[in-house]
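A short write-up of the structure that comes next.
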């Protein structure tokens, strides 16, 4: 389950979500961050209610923390949870990175590769950490000259913590398959399965890839599961979020979510949504989200329809099925997915 990031305040029912995940024997709970709440504090606070479920960040933004800081956080949480941390990272987008963190956004794939290298060096704790990358240097080369390679004072609970990459474009998905232990998916559609399978295969085939398809975790699923005999009413619950991501999460020409739906075959619809949203007409942007687009990325409608359409999702690259639904529906949704 995804606990996500907060809006104006803590989301109601978040504690119950963690309780339900533990009670119903779910495998993973993930938190997120944008430019408000952080991913790690809620994970620790509500995660302290759990004893079994694995706890992950989807995603912890690269530019928010130097790689050593994130490694420290993950190692600390790994001890507190008895080795249940899943370390999910992602680059975010230039609007957030430059506008919020005041950091540059050069060559995100290259930076991600270096960042993951450093995370693994720190967590393994085999020797003092030295790294001479294009984007990260340890010790800092342009400093006082007094810096020296250091090794974590804290001994790791595990010398390897699983690293997941949040990715949308084919190059980033291939990078995840090459250097990470899992991929956190957003806005997945079974119709795009072959596209993503090819991107994953490219990464698995690269020299030195850590995994093959058999051991790599792909975490994703419908944007939501909404049980409602009124299909349009169910779709209306998701249109505002889709309009926001397609139209407003990123600049024109550089909105990774927009590109996902354009690749899905909704190029004209995505353009109309973005035009309205960027013009400040959110109502028209929401209205421009077609029901069939919602159905591509979500399971909505009567229970029989959801049961039937779930079969398409089973025949995909997904290995861990992410569930977002009303907690009252979670037991039967979980039972349905488990077959």
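Residue numbers (my numbering): 37 to 375. Every residue gets a Cβ at the ideal spot worked out from N, C-alpha and C, and that includes glycine.
CB residue i to CB residue j, shorter than 7 angstroms?
i           : j           : result
residue 187 : residue 156 : no
residue 335 : residue 258 : yes
residue 378 : residue 58  : This structure does not reach residue 378, given that the chain is present from 37 up to 375, and the question cannot be answered.
residue 283 : residue 307 : no
residue 254 : residue 354 : yes
residue 95  : residue 62  : no
residue 227 : residue 337 : no
residue 219 : residue 203 : yes
residue 213 : residue 244 : no
residue 154 : residue 192 : no
residue 50  : residue 39  : yes
residue 221 : residue 256 : yes
residue 151 : residue 98  : yes
In the structure shown, what three-state DSSP assignment does residue i receive?
i           : result
residue 310 : helix
residue 200 : strand
residue 253 : strand
residue 80  : helix
residue 222 : coil
residue 55  : helix
residue 99  : helix
residue 177 : coil
residue 330 : helix
residue 121 : strand
residue 167 : strand
residue 160 : helix
Cβ of residue i versus every heavy atom of the ligand FMN: is any distance shorter than 6 angstroms?
i           : result
residue 143 : The ligand FMN is not part of the structure shown, which contains no ligands of any sort.
Using the Cα positions of residue i and residue j, report the straight-line distance between them to the nearest angstrom.
i           : j           : result
residue 41  : residue 91  : 14 angstroms
residue 288 : residue 71  : 20 angstroms
residue 65  : residue 365 : 17 angstroms
residue 265 : residue 368 : 16 angstroms
residue 363 : residue 82  : 16 angstroms
residue 185 : residue 194 : 22 angstroms
residue 249 : residue 236 : 8 angstroms
residue 252 : residue 217 : 6 angstroms
residue 261 : residue 333 : 10 angstroms
residue 246 : residue 143 : 22 angstroms
residue 370 : residue 347 : 14 angstroms
residue 43  : residue 278 : 16 angstroms
residue 230 : residue 290 : 24 angstroms
residue 131 : residue 292 : 12 angstroms
residue 304 : residue 340 : 31 angstroms
residue 280 : residue 359 : 21 angstroms
residue 129 : residue 225 : 22 angstroms
residue 296 : residue 166 : 37 angstroms
residue 134 : residue 286 : 12 angstroms
residue 37  : residue 309 : 28 angstroms
When we look at the beta-carbon of residue i and count the other beta-carbons within 10 Å, is it buried (16 or more) or exposed?
i           : result
residue 68  : buried
residue 294 : buried
residue 331 : buried
residue 168 : exposed
residue 189 : exposed
residue 146 : exposed
residue 74  : buried
residue 126 : buried
residue 77  : exposed
residue 114 : buried
residue 352 : buried
Q | Stretch-stretch touch, CB-based, cutoff 8 angstroms, three pairs: the region 121 to 140 with the region 188 to 206 | A | The region 121 to 140 vs the region 188 to 206: in contact.
Q) Do three or more CB pairs link the region 108 to 117 to the region 139 to 153 at distances below 8 angstroms? A) Counting Cβ pairs under 8 angstroms, fewer than three are found: no touch.
Q. Counting Cβ pairs, one atom from each stretch, are 3 or more of them under 8 angstroms apart for the region 173 to 182 and the region 205 to 217?
A. No: fewer than three Cβ pairs fall under 8 angstroms.
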